[in-house]
Amino acid sequence: MKLQSYALHNYRKIAQIEKLSPAQTEAIEVVGNVLPFKTNNYVVDELIDWDNLENDPMFKLTFPQKGMLSEEHYESMKIVLNHSSNRDEIRNMANIIRNELNPHPAGQMEHNVPEINGEKLMGMQHKYKETVLFFPSQGQTCHAYCTFCFRWPQFVGMDELKFAAKEASLLQEYVQKNTQVTDILFTGGDPMIMKAKIFASYIDPLLETEISNLQTIRIGTKALGYWPYKFTSDDDADEMLRLFERVIKKGLNLSIMAHFSHPVELETEAVKEAIKRLRGVGVQIRTQSPVLKHINDSPEIWSDMWRKQVNLNCIPYYMFIPRDTGAQDYFAVPLEEAWQIFRKAYQKVSGVCRTVRGPSMSCTPGKVQVLGVSEIRGEKVFVLRMLQGRNPDWVARPFFAKYDATAIWMDNLEPAFEEERFFFEEEHEWLFNEAVNEHERDVFE
Ligand SMILES: *Cc1c(COP(=O)(O)O)cnc(C)c1O
Ligand code: SF4
Numbered sequence: 002m003k004l005q006s007y008a009l010h011n012y013r014k015i016a017q018i019e020k021l022s023p024a025q026t027e028a029i030e031v032v033g034n035v036l037p038f039k040t041n042n043y044v045v046d047e048l049i050d051w052d053n054l055e056n057d058p059m060f061k062l063t064f065p066q067k068g069m070l071s072e073e074h075y076e077s078m079k080i081v082l083n084h085s086s087n088r089d090e091i092r093n094m095a096n097i098i099r100n101e102l103n104p105h106p107a108g109q110m111e112h113n114v115p116e117i118n119g120e121k122l123m124g125m126q127h128k129y130k131e132t133v134l135f136f137p138s139q140g141q142t143c144h145a146y147c148t149f150c151f152r153w154p155q156f157v158g159m160d161e162l163k164f165a166a167k168e169a170s171l172l173q174e175y176v177q178k179n180t181q182v183t184d185i186l187f188t189g190g191d192p193m194i195m196k197a198k199i200f201a202s203y204i205d206p207l208l209e210t211e212i213s214n215l216q217t218i219r220i221g222t223k224a225l226g227y228w229p230y231k232f233t234s235d236d237d238a239d240e241m242l243r244l245f246e247r248v249i250k251k252g253l254n255l256s257i258m259a260h261f262s263h264p265v266e267l268e269t270e271a272v273k274e275a276i277k278r279l280r281g282v283g284v285q286i287r288t289q290s291p292v293l294k295h296i297n298d299s300p301e302i303w304s305d306m307w308r309k310q311v312n313l314n315c316i317p318y319y320m321f322i323p324r325d326t327g328a329q330d331y332f333a334v335p336l337e338e339a340w341q342i343f344r345k346a347y348q349k350v351s352g353v354c355r356t357v358r359g360p361s362m363s364c365t366p367g368k369v370q371v372l373g374v375s376e377i378r379g380e381k382v383f384v385l386r387m388l389q390g391r392n393p394d395w396v397a398r399p400f401f402a403k404y405d406a407t408a409i410w411m412d413n414l415e416p417a418f419e420e421e422r423f424f425f426e427e428e429h430e431w432l433f434n435e436a437v438n439e440h441e442r443d444v445f446e
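Going by my numbering, 356 is the number at position 355 of the sequence shown; the sequence numbering is gapless.
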């Protein structure tokens with residue numbers, strides 16, 4: 002299968018596009034000029050059900066929808082498009098709207114950038130003790146774009162401060178010097194957009210050196226969902242598998258952190274074959290996704306997805322709560338509902354699927370899991386705990402927030418029981434202020 006990508010400039014060539022209503026094509030044009038849009042022939046031909054577009058999760062996951070912009074933003078963009086074909090004018094309106102969509106939640110870019118000998122390593126992020134995130138400069142795009150993605154600013158060219166790793170050798174040096182690091186997590190974009198040769202240029206230096214603390218290489222990718230041929234029939238599929246095999250032969254754990262948002266993505270022959278080949282060389286596959294309105298906001302979808310994953314020998318890992326950015330209003334699920342979806346899905350599956358944790362918010366202090374809603378001495382509360390924390394001592398301590406039926410993110414929550422602050426806040430502020438510029442101090446998320 003040969004990859005054919007589609008974006009705003011050529012999506013009209015998709016044969017099935019004639020099934021769209023005028024309102025749907027208008028939405029693609031209007032929203033697609035603001036938020037990134039990219040899909041491909043696999044998603045179009047094998048995942049989307051073109052006869053049920055109104056309800057189709059994969060269509061909504063990859064094609065811009067009207068509800069992804071506020072009415073006001075939508076109308077403003079529509080007016081510009083109707084009256085002008087001037088690219089600068091269109092881009093200016095797009096940028097005005099983009100800036101109102103909270104393009105940089107949680108300051109992912111600025112914080113947690115590690116240093117060697119006083120030099121900032123811009124292609125890396127080191128937030129939790131054991132795991133370094135690495136953003137290879139060649140892996141900053143994806144096979145198709147998810148409409149909820151918090152990385153959207155980098156895909157529309159808004160990020161001047163793009164994580165761009167110049168050298169794999171700096172990564173190797175950093176991990177060697179920081180012996181608390183056991184895991185390197187390759188992320189992006191999608192590192193599996195890279196050709197095997199290029200990916201090998203990042204991996205091989207790690208294998209050639211003795212780094213006794215390094216134990217796991219993880220690859221965060223949506224390739225199994227959006228382009229499984231990466232591991233089956235692409236020119237370099239075999240070469241990629243041989244590279245994975247080298248990692249495993251070296252005694253390292255190789256984990257693919259596979260992003261699957263819906264069971265449909267697990268049902269094609271192509272994805273089954275890809276998983277089988279990866280498992281065949283000893284790659285572990287762990288799965289994760291955010292919980293998203295219009296896409297997967299029901300317990301049945303999640304239990305079905307976890308069960309199918311386990312049947313394909315994948316390990317359910319995280320259910321995330323989507324970040325407060327971009328088309329957030331379209332996708333947001335209130336925290337209580339996210340927990341109900343998790344709980345009901347978890348009840349439907351046996352223990353082999355219950356390796357999954359969530360629902361979890363990736364906030365500035367750490368990953369916060371919503372354990373549930375409870376009542377303590379007459380006060381309704383959220384019970385929370387950290388799955389990951391900037392300070393490892395915060396992890397796995399339960400804490401409480403006032404119940405709020407409309408809360409969708411950590412910054413909507415306040416401590417319960419007349420407490421002024423969450424238990425970690427004072428220390429977090431201190432850690433945070435160490436790391437960031439003065440003008441960002443009030444950012445807490
Ligand atoms: C989630 C995450 C990790 C990995 O955490 P695990 O719980 O080990 O999967 C590492 N770094 C950052 C910044 C993360 O958000
Ligand atoms: S595959 Fe991942 S990085 Fe790429 S658009 Fe989807 S969520 Fe974002």
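Note that CB positions come from ideal geometry on N, CA and C, so glycine has one too.
For a quick check, are the C-beta atoms of residue i and residue j less than 9 angstroms apart?
i    : j    : result
T356 : P317 : yes
R344 : Y129 : no
F425 : F401 : no
T63  : I49  : yes
S77  : D330 : no
M411 : A397 : no
R324 : F433 : no
L9   : E30  : yes
K309 : P366 : no
R278 : L242 : yes
D239 : K196 : no
N56  : P115 : no
S170 : P206 : yes
K368 : Q348 : no
So which of the options has the shortest CA-CA distance to residue i?
i    : options                   : result
H260 : K309, V282 and T222       : T222
W307 : L267, V133, K273 and T188 : L267
V182 : G327, L208, H127 and S22  : H127
F156 : P264, E209, M123 and G33  : G33
T288 : W303, T407 and E174       : W303
H74  : K121, R398 and N100       : N100
M94  : L82, D394 and N53         : L82
E120 : G379, E174 and P264       : E174
I194 : F232, T180 and V35        : F232
I97  : D52, G327 and A406        : G327
P106 : W153, E131 and V133       : W153
Q285 : D305, I257 and V311       : I257
Q370 : R358, E376, N118 and P192 : R358
V36  : H84, N118, P104 and S86   : The sequence shown places Leu at residue 36, rather than the Val named in the question. Looking at the Cα atoms, P104 is the closest of the given residues.
G281 : N413, I218, E246 and K251 : E246
S22  : R422, K67 and E47         : K67
K251 : V311, I218 and N87        : I218
Closer than 8 angstroms by C-beta to residue i: which residues in its own chain qualify, once you throw out the five before and the five after it? Chain order, please.
i    : result
V374 : E337, W340, K381, V382, F383, V384 and Y404
S262 : P58, L62, C147, G226, S290, P291, L293, I296 and N297
V45  : Y7, I15 and Q17
D52  : K20
V133 : P115, M125, Q126, H127, L172, Y175, V176, N179, V182, D184, I185 and L186
Which same chain residues end up closer than 6 angstroms to residue i when comparing Cβ atoms and leaving out the 5 residues on each side of it in sequence?
i    : result
Y12  : none
I249 : L255 and G283
A201 : L244
I212 : V176 and Q177
I409 : A333 and P335
G190 : G140, Q141, T142 and C143
I220 : F187, P192 and I257
N113 : Q126, H127 and K128
Assuming residue i contacts residue j under a Cβ cut-off of 8 angstroms, what Cβ separation, rounded to an integer in Å, is found between them?
i    : j    : result
K172 : F135 : Checking the displayed sequence, the identity of residue 172 turns out to be Leu instead of Lys. At roughly 6 angstroms, the Cβ-Cβ gap stays under 8 angstroms, so L172 and F135 are in contact.
Y146 : F38  : 6 angstroms
L313 : K273 : 7 angstroms
L215 : I185 : 7 angstroms
I276 : C315 : 7 angstroms
M320 : S361 : 7 angstroms
A534 : E47  : A question about residue 534 goes unanswered here, because the residues of the chain that appear run from 2 up to 446.
Got a sec? Which residues, its chain only, sit under 7 angstroms from residue i by beta carbon, not counting five neighbours each side?
i    : result
I447 : Lying before the first or after the last residue shown, residue 447 is absent from the chain, which here runs from 2 to 446.
W228 : L4, N41, Y43 and H144
F164 : Caution is warranted here: a pLDDT of 47 is assigned to F164, below 50, making its placement in the model unreliable, and the coordinate value is therefore given only provisionally. Around F164: M123, G124 and F136.
H440 : No answer about H440 holds up, because its pLDDT of 38 lies below 50 and its placement is not dependable.
E90  : V81
P393 : K130
F418 : E380 and F401
Residue ranges of each alpha helix (DSSP H) within the stretch 290–364, 4 or longer | 300–312, 329–332 and 336–348
What residue ranges within the stretch 145–223 form continuous alpha helix (DSSP H) runs of no fewer than 4 residues, ordered along the chain?
-> 153–156, 169–178 and 197–209
Runs of beta strand (DSSP E) wholly within the stretch 30–76 (minimum 3 residues, chain order) = 39–41
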